[in-house]
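The structure under discussion appears below in the form of structure tokens.
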Amino acid sequence: CWMNYRQHRDAEEALDSFETPEPDAPEDDPALTGGADGDLKRLCMQEDGRRASWWEVWQPKMWALFEDPYSSKYARYVAFGSLFFILLSISTFCLETHEVFNTIYNKTENVTIGNVTHEEIVFEVVTDGWLTYVEGVCVIWFTIEVMLRVIFCPDKAEFFRSALNIIDFVAIVPFYLEVALSGLSSKTAKDVLSFLRVVRFVRILRIFKLTRHFVGLRVLGHTLRASTNEFLLLIIFLALGVLIFATMIYYAERIGASPDDPTASAHTNFKNIPIGFWWA
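Residue numbers (full-length UniProt numbering): 1 to 280.
If you want it as structure tokens, here you go:
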């Protein structure tokens, strides 16, 4: 257990060195460097008579509860709960696209303009209600989690600059807007609802929240970031291969085409080189 704990702490310290640059603190002020002398100084300040407030006691505990799954057993419970709701939300998002969980309603109606009456054919796809309720429970969990993390965050500015926190807000807001507008029947409300259904895809971005609970995913992210140049070189190499083989298949398929068919459209499906890109 001690070896696993030390490996986790070493990985966390390495990630902190990647994610947050060290401040230029004076070397003669141990309280700013976070060393043992700084801890002793803070203890002495409390022993001298200053009593820590409720906020000073509970703010770091509550922040660690949601931010560091290894800080306590309760933090692990919260992490498991968050992981469960993330996977449940993603599963619900995927199931909503299956035809088994969707019902098509015929909303066709007669519209009269002046003396002319015509039939306006409209079909509406409605997802099963229980999937909406499941998503609602997930959104409530994420909302409570975000609110508590905002309240107990030690650095609000850094919190709102984080990409994962932005994903949290973007994934939550459309659900509340859709619920608020679902009872309206105006054309504007329907247009907004149609747009919100399109932007539902941002919910799949919650998968990136797993990086909060798995150190290996964060290490992988920094590895990919450090290997940007190598990935660009790989993409260029693949692009050259695609271009060469797409050109070769295009001209190879034109061999034997009828003279009456200069575009060879009746002889081959490779009518141009861009189609060959997909094949290559």
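Ideal Cβ placement from N, Cα and C applies to all residues, glycine included.
The alpha-carbon separation between S162 and E145 amounts to approximately 15 Å.
Around the beta carbon of G241, fewer than 16 other beta carbons sit within 10 angstroms, so the residue counts as exposed. In the three-state reduction of the DSSP assignment, T103 falls in the strand class. In the structure shown, I113 falls within a strand segment according to DSSP collapsed to helix, strand and coil. Here the C-alpha atom of F195 lies approximately 12 Å from the C-alpha atom of F175. By the neighbour-count criterion, in which a residue is buried when 16 or more other Cβ atoms sit within 10 angstroms of its Cβ, V179 is exposed. The closest CA to that of E56, considering only P154, E135, L233 and W130, is found on P154. Per DSSP, T228 lies in no beta strand (DSSP E) segment; the continuous alpha helix (DSSP H) that holds it begins and ends at T228 to E253.
By a beta-carbon distance limit of 8 Å, E135 contacts T92. Their separation comes to about 5 Å. Cβ atoms of L164 and R212 come within 8 Å of each other, at about 7 Å. Nearest Cα to F85 within the set E124, P69, E119 and R206: R206. Residue pairing for F123: DSSP places it in a beta bridge opposite N106. The three-state reading of DSSP puts P274 in helix, counting H, G and I together. DSSP, read as helix, strand or coil, puts R161 in helix. Where I151 is concerned, the enclosing alpha helix (DSSP H) starts and stops at G129 to F152. Residue burial is scored here from C-beta neighbours: Y105 has fewer than 16 other C-beta atoms within 10 angstroms and is therefore classed as exposed. Here the alpha carbon of T108 sits roughly 26 Å from the alpha carbon of L177.
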